[in-house]
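Only one structure is covered here, and it is reproduced in the block below.
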Amino acid sequence: MNSPWKGKAKATNQDYDDLRPTITYRHLLSNNLGVRDPLRVVALCDSDAFYAACERIRLELDPSVPIVVQQWESLIAVSYPAREFGISRMDKIKDAKKKCPNLLAVHVATYKEGEKEPGYWTDIDTRTHKVSLDLYRRESNKIISMFKEALPTGEVEKASIDEAFIDFTRPVREQLLERYPYIAQVPVDAPNGIDSPLPPPPPIKWDDLGTVILPEEIDSAGEQSNIEVDGDATWHDVALSIAAELMRKIREDIHSKLGYTTSAGIARNKFLAKLCASYKKPNSQTILRNRAIPDYLHPLPFQKIRFLGGKLGDALAKEYDVSTVGDLLTVSLDEIQSKFGENALWVYEFLRGIDRTEVKEKSALFKSMLASKNLPKPIIQPSDGHQWIRILAAELALRLNDARVSMPTLWPKSIVLHARKGYETSRSKQATFPFVRNVTVDVIATAADKLWKDLTDDAKTVNITSVQLAFTGLEKTEMGQKSIEGFFTTRDVQQTSLKRSREDDEPLVSPEKTLPTSSYVEAVSFKCTRCRKTIALREDQATGGPNEVAQRLATLRSEHGDFHFAQDLAHSTDGSVPVPRGSSSKRKKVESEGIAKFFIKK
DNA sequence: GTGGATGAG
DNA sequence: CGCTCATCCAC
Numbered sequence: 011m012n013s014p015w016k017g018k019a020k021a022t023n024q025d026y027d028d029l030r031p032t033i034t035y036r037h038l039l040s041n042n043l044g045v046r047d048p049l050r051v052v053a054l055c056d057s058d059a060f061y062a063a064c065e066r067i068r069l070e071l072d073p074s075v076p077i078v079v080q081q082w083e084s085l086i087a088v089s090y091p092a093r094e095f096g097i098s099r100m101d102k103i104k105d106a107k108k109k110c111p112n113l114l115a116v117h118v119a120t121y122k123e124g125e126k127e128p129g130y131w132t133d134i135d136t137r138t139h140k141v142s143l144d145l146y147r148r149e150s151n152k153i154i155s156m157f158k159e160a161l162p163t164g165e166v167e168k169a170s171i172d173e174a175f176i177d178f179t180r181p182v183r184e185q186l187l188e189r190y191p192y193i194a195q196v197p198v199d200a201p202n203g204i205d206s207p208l209p210p211p212p213p214i215k216w217d218d219l220g221t222v223i224l225p226e227e228i229d230s231a232g233e234q235s236n237i238e239v240d241g242d243a244t245w246h247d248v249a250l251s252i253a254a255e256l257m258r259k260i261r262e263d264i265h266s267k268l269g270y271t272t273s274a275g276i277a278r279n280k281f282l283a284k285l286c287a288s289y290k291k292p293n294s295q296t297i298l299r300n301r302a303i304p305d306y307l308h309p310l311p312f313q314k315i316r317f318l319g320g321k322l323g324d325a326l327a328k329e330y331d332v333s334t335v336g337d338l339l340t341v342s343l344d345e346i347q348s349k350f351g352e353n354a355l356w357v358y359e360f361l362r363g364i365d366r367t368e369v370k371e372k373s374a375l376f377k378s379m380l381a382s383k384n385l386p387k388p389i390i391q392p393s394d395g396h397q398w399i400r401i402l403a404a405e406l407a408l409r410l411n412d413a414r415v416s417m418p419t420l421w422p423k424s425i426v427l428h429a430r431k432g433y434e435t436s437r438s439k440q441a442t443f444p445f446v447r448n449v450t451v452d453v454i455a456t457a458a459d460k461l462w463k464d465l466t467d468d469a470k471t472v473n474i475t476s477v478q479l480a481f482t483g484l485e486k487t488e489m490g491q492k493s494i495e496g497f498f499t500t501r502d503v504q505q506t507s508l509k510r511s512r513e514d515d516e517p518l519v520s521p522e523k524t525l526p527t528s529s530y531v532e533a534v535s536f537k538c539t540r541c542r543k544t545i546a547l548r549e550d551q552a553t554g555g556p557n558e559v560a561q562r563l564a565t566l567r568s569e570h571g572d573f574h575f576a577q578d579l580a581h582s583t584d585g586s587v588p589v590p591r592g593s594s595s596k597r598k599k600v601e602s603e604g605i606a607k608f609f610i611k612k
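This is the structure we're talking about:
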């Protein structure tokens with residue numbers, strides 16, 4: 011009999027009574043057990059000192075160089091070689107350099123007023139620049155793609171810019187059946203048919219699969235090699251070992267192809283995978299077997315558990331005046347429920363190594379997209395807001411169009427501008443985002459400028475200390491196949507003139523006083539019959555001779571038609587980014603600068 | 001629709 | 001630590 015830990019025998023043993031479930035042929039052969047699958051295996055894989063690694067690779071440096079990434083005066087990433095010098099994220103750049111004179115400090119890329127794309131400038135100033143995490147997002151996506159490619163039947167959930175959960179249950183199941191064909195069929199003489207338990211599992215070779223966490227009594231008996239002669243292994247352990255094997259291969263692949271080292275945790279569910287991923291870093295992986303769970307969790311400060319790191323964890327600690335998981339095991343579910351209501355059940359289960367949350371790819375990847383900037387020097391003149399808006403707009407344009415490479419039909423329902431005035435809480439304004447094909451800086455900035463006007467109203471002076479610009483309601487727009495016809499009838503669309511009744515949604519550039527002077531303003535937009543949006547020329551395109559403007563408007567209409575075509579095409583085929591037809595060639599380069607650029611990236 | 005709270009890193 | 005980003009929910 012294993013006594014999981016000393017001192018607290020009986021009552022808590024039951025807390026972990028699901029660690030060795032009997033596994034039957036039904037479990038193995040049925041396909042949709044989901045989170046209750048006794049052979050479930052989940053991994054959390056995260057990149058080591060990710061931002062630092064991105065910069066190191068961008069600069070083609072040796073992995074051994076001590077490098078940190080700085081954001082203004084503080085550090086946001088410290089490479090492992092730099093940590094050897096005792097540098098931590100809390101340090102100021104100066105202290106870090108004191109600890110390591112050879113330290114390479116790279117400032118994150120920034121958007122700079124007047125520049126369309128983020129870059130690495132020499133004159134970085136928090137008053138005029140805004141940090142860009144773009145490089146890291148792109149690199150992150152590469153890694154995620156490799157997970158998905160390697161595991162066509164696995165589920166991959168991006169958890170943050172440098173972490174992903176991977177559900178290995180299916181890939182492992184496939185391997186189990188392939189490697190051990192004798193369990194793929196219920197034996198004729200099985201006593202309970204498909205509900206008979208599986209035969210004893212094969213011996214497991216844990217060598218090279220990572221660090222295997224062991225229960226205390228085995229662990230203290232020393233000799234990791236003991237586990238190889240462990241007669242107590244289960245089929246779940248086999249499953250873990252296969253996942254570890256797959257995980258290791260993928261990690262090696264990522265390392266050789268992209269250069270990043272990663273650390274992974276492999277266990278029966280998400281929270282345990284996440285927990286043991288940090289057991290040993292960098293460039294390593296850790297496996298938590300079910301039988302080791304009680305000993306592993308018992309002494310653990312529960313505030314290290316995902317979602318218990320904040321107020322909830324504090325409240326728990328305070329309420330019961332305790333700090334470890336073991337301490338909390340004596341608290342009944344009812345008791346927790348009476349004080350923590352909603353959260354009680356999952357807290358209770360987490361403490362017992364249970365986590366029923368699924369690994370699920372986020373369908374939209376995200377529901378909103380936000381770019382923000384705290385202003386060291388507050389905006390006083392409302393007119394000074396525009397420069398920041400353009401910078402935020404540039405970031406959003408880049409990110410949205412980037413996301414569209416893999417998701418061409420991604421569309422934001424609305425755009426929101428937040429501004430905080432001094433100490434006051436922030437105020438916001440939002441509007442429906444216009445349905446234009448090319449989401450350029452200008453399109454976004456124009457929409458945002460309007461919101462800005464609403465927010466600052468007509469105040470002569472303001473005191474704005476923070477600005478945030480966001481897309482919300484980001485979704486894949488679904489469109490019918492027949493709408494391709496819509497493209498071919500674009501001519502009709504073009505004929506459609508501005509004289510429409512009344513609009514229920516705001517046009518991007520409404521003919522009103524927000525726009526300066528130009529007498530053409532009212533003639534520089536059209537309303538598409540298809541999407542019922544008003545599409546307008548940029549302000550700077552709306553100037554010049556009437557013929558010129560008319561020409562540009564025609565181009566715009568054509569592009570808009572292209573947009574519908576592209577959307578439809580993307581929807582009806584494989585999702586690859588379609589090339590707009592016969593457009594740009596005959597187009598003058600007058601205005602394409604900010605346009606083509608964004609649609610087809612690179 | 002707006003703003004606050006929470007949490008991750 | 002200060003900053004950046006995302007989600008959820010009450011009003």
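Residue numbers 11 to 612, in my numbering, belong to the letters of the first sequence in order.
For each residue, glycine too, the CB sits at the ideal point set by N, CA and C.
Given the structure is predicted, the values throughout are model-derived calculations rather than measurements.
Report task. Put P526 into one of helix, strand or coil per three-state DSSP. Result -> Summary for P526: the model assigns pLDDT 34, below 50, so the residue's position carries little reliability; its value from the coordinates is reported in the next sentence. In this structure, P526 counts as coil in the three-state DSSP scheme.
Query - Cβ contact check for the region 397-408 and the region 120-128: 3 or more pairs under 8 Å - result: These segments touch.
Query raised in the report: Can you list, in chain order, the residues of its chain whose CB lies under 7 Å from that of G319, leaving out five sequence neighbours each side?
Result: Residues Q313 of the same chain have their beta carbon placed closer than 7 Å to that of G319, with the five preceding and five following residues left out of the count.
Requested in this report: Return the chain-ordered ranges of every beta strand (DSSP E) run that is complete within the region 106-143 and spans a minimum of 3 residues.
Outcome: The qualifying runs are 114-117, 120-122 and 139-141.
Query - Beta carbon of I474 nearer than 8 Å to that of A441 - result: Taking 8 Å as the cut-off, the beta carbon of I474 is found no closer than this to the beta carbon of A441.
Query raised in the report: Span of the alpha helix (DSSP H) holding G336?
Result: V335 to L338 is the span of the alpha helix (DSSP H), which, as asked, contains G336.
Query raised in the report: If you draw a straight line from the alpha carbon of R30 to that of P210, how long is it in whole angstroms?
Result: The alpha-carbon atoms of R30 and P210 are separated by roughly 13 Å.
Query raised in the report: Tell me, which residues are paired with A53 by DSSP?
Result: Here A53 is bridged, per DSSP, to I176 and I276.
**Report entry** L420: first and last residue of the uninterrupted beta strand (DSSP E) it sits in
**Finding:** From DSSP, the beta strand (DSSP E) with L420 extends over L420 to K431.
Query - Nearest candidate by alpha-carbon position, reference L186, set W245, I134 and T136 - result: That would be W245, whose Cα lies nearest to the Cα of L186.
Report task. Can you give me the start and stop residues for the beta strand (DSSP E) that L85 sits inside? Result -> In the DSSP assignment, L85 falls within the beta strand (DSSP E) that extends over S84 to V88.
Query raised in the report: Where does the unbroken beta strand (DSSP E) through N384 begin, and where does it stop?
Result: Run containing N384: S378 to I389, per the beta strand (DSSP E) assignment.
Query - Reduced DSSP category for P311 - H, G, I as helix; E, B as strand; rest coil - result: It is a strand residue.
Query raised in the report: Who are the near neighbours of A200 in its chain, counting only those whose CB is closer than 8 Å to its CB and skipping five residues on each side?
Result: The residues are Y35 and S206.
Query raised in the report: Hey, is the region 174-188 in contact with the region 254-274, meaning 3+ C-beta pairs nearer than 8 Å?
Result: Counting Cβ pairs under 8 Å, three or more are found: they touch.
Query - Close Cβ partners of H37 (< 6 Å) along its chain, the five nearest in sequence each way excluded - result: Spatial neighbours of H37 in its own chain (CB-CB distance under 6 Å, excluding positions within 5 residues in sequence) are listed in chain order as P48.
Query raised in the report: I think Q397 touches E123, with their Cβ atoms under 8 Å apart; what is that distance to the nearest whole Å?
Result: Correct: roughly 5 Å between the Cβ atoms.
Query raised in the report: The alpha helix (DSSP H) spanning Q195 covers which residue range?
Result: Under the DSSP assignment, Q195 falls outside any alpha helix (DSSP H); it carries neither an H nor an E label.
Query - Residues that DSSP places opposite Q347 in a beta bridge - result: Q347 pairs with nothing; no bridge assigned.
Query raised in the report: According to DSSP, which residues form a beta bridge with L484?
Result: Answer by DSSP bridge pairing, in chain order: P422.
Requested in this report: For my contact list, Q81 and V141 are in at a C-beta cut-off of 8 Å; report their separation, rounded to the angstrom.
Outcome: The beta carbons of Q81 and V141 sit about 6 Å from each other, so the pair counts as a contact at 8 Å.
**Report entry** Same chain only: Cβ atoms within 6 Å of M156, ignoring 5 sequence neighbours per side
**Finding:** Once the five neighbours on either side are set aside, the close Cβ partners of M156 are I264.
Query raised in the report: Nearest-angstrom Cα distance between E359 and I454?
Result: Rounded to whole angstroms, E359 and I454 show a C-alpha spacing of 46 Å.
Requested in this report: Mind checking which residues open and close the alpha helix (DSSP H) that includes T466?
Outcome: Residues V451 to T466.
Query raised in the report: Looking at D172 and F95, is the spacing between their C-beta atoms short of 8 Å?
Result: It is not a contact, given that the beta carbons lie outside the stated cut-off.
Query raised in the report: Skipping 5 residues on each side, what residues in its chain have a beta carbon closer than 8 Å to that of L465?
Result: The answer, listed in chain order, is L427, A429, R437, S438 and K439.
**Report entry** Residues bridged to L479 [DSSP beta-bridge criterion]
**Finding:** For L479, which the question treats as bridged, DSSP gives the partners A381 and L427.
Query raised in the report: Leaving out the 5 sequence neighbours to the left and right, which residues in its chain are closer than 6 Å to A87 when beta-carbon positions are compared?
Result: Residues of the same chain with a CB within less than 6 Å of the CB of A87, apart from the 5 flanking positions on each side, are A59, Y61, A62 and V79 in chain order.
Query raised in the report: Measuring CB to CB, does R400 end up less than 8 Å from V451?
Result: In this structure, V451 lies closer than 8 Å to R400 by Cβ.
Requested in this report: Specify the secondary structure class of A63 as computed by DSSP and reduced to three states.
Outcome: If DSSP states are grouped into helix, strand and coil, A63 belongs with the helices.
Query raised in the report: Going by the beta-carbon positions, is the gap between I297 and I223 smaller than 8 Å?
Result: Yes, they are a contact pair.
Requested in this report: Would you give the residue range spanned by the beta strand (DSSP E) that L298 belongs to?
Outcome: Boundaries of the beta strand (DSSP E) around L298: S294 to L298.
**Report entry** Cβ-based neighbour list, A253, same chain, cut-off 7 Å, excluding 5 preceding and 5 following
**Finding:** Short of 7 Å from the beta carbon of A253, and not among the five residues preceding or following it, lie these beta carbons of its own chain, in chain order: V51, A53, F178, V182 and I276.
Report task. Can you grab the Cα-Cα spacing for the pair L161 / G363, in whole Å? Result -> Cα-Cα distance, rounded: 26 Å.
Query - One or two residues paired with I77 in a DSSP bridge - result: I77 pairs with L114.
Requested in this report: Under 8 Å by Cβ, that's how I've got P292 and V248 pegged, so tell me the actual separation to the nearest angstrom.
Outcome: P292 to V248, Cβ: 28 Å. No contact.
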